[in-house]
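In this note's numbering, the protein residues as written are 2 to 218. Ideal Cβ positions, reconstructed from N, Cα and C, are used throughout, including at glycine. None of these values were measured; they are calculated from a predicted model.
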Ligand SMILES: [Zn+2]
């Protein structure tokens, strides 16, 4: 049994070798400390999109940020139905075990998941042929309706509105988790919405009172 070579794997291994030189050796002390456990203060929920790595956007070191990434940075509502609740499990761990102080939901520009939610182009697709995505982003259907009605289903204005609405849906769904609601009320947990605009690299933070995403100066 040999490990089949490929240009993709070569690229990863090259990166790993650079990491060993520039990431591992100079930071040996940090890694030794992290071996004992992690104590991140923040959990970030972001899209799986290859252009919006939260650790890169926030320039954090290993051990500082507990991250969940999925299609469109979605948090499903608190559900006890049968199934494998990956996001809920991660939330439970971050909030109840790690006791993070803040949860940041970070949406992003040019999000394919949000675009598909808007166009509903995968509607009716079979699982494995787009059906899993369609089912996942159906969480955005309610938020989509007024956007589609007023801005249409194509073009950047409608897409941006859908991307920003997605963050608000995830925040609302976070608050359906009793433990999160309780900790937010106690003041031991803060929820934040953020948006990373890929085109200009500008981070925006949601002002929940006005519903407006404001650029970070
Ligand atoms: Zn995305």
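Cβ pair residue i, residue j closer than 8 Å
i, j, result
"residue 138", "residue 117", "yes"
"residue 192", "residue 175", "yes"
"residue 84", "residue 199", "no"
"residue 159", "residue 119", "yes"
"residue 47", "residue 70", "yes"
"residue 67", "residue 35", "no"
"residue 88", "residue 77", "yes"
"residue 61", "residue 103", "no"
"residue 112", "residue 50", "yes"
"residue 92", "residue 20", "no"
Beta-carbon separation (whole angstroms), residue i vs residue j, contact threshold 8 Å
i, j, result
"residue 101", "residue 172", "The pair is not a contact, with the Cβ atoms about 15 Å apart (cut-off 8 Å)."
"residue 114", "residue 134", "7 Å"
"residue 167", "residue 75", "7 Å"
Exposure label - residue i; buried when at least 16 CB within 10 Å
i, result
"residue 12", "exposed"
"residue 186", "exposed"
"residue 210", "exposed"
"residue 29", "exposed"
"residue 190", "buried"
Own chain, CB closer than 7 Å to residue i, minus 5 neighbours either side, in chain order
i, result
"residue 204", "58, 195, 197, 217"
"residue 165", "108, 196, 214"
"residue 170", "140, 141, 144"
"residue 45", "55, 66, 68, 105, 107"
Close-in-space but distant-in-sequence residues of the same chain around residue i (CB under 8 Å, 5 per side omitted)
i, result
"residue 124", "135"
"residue 97", "180"
"residue 182", "176"
"residue 39", "64, 67, 99"
"residue 25", "32"
Neighbourhood of residue i by C-beta, 6 Å cutoff - its chain only, sequence neighbours within 5 removed
i, result
"residue 65", "41"
"residue 18", "none"
*When a residue counts only if its C-beta is closer than 6 Å to some heavy atom of ligand 1, which residues count, in chain order?*
Answer in sequence order: 48, 50, 73, 109, 112, 113, 114.
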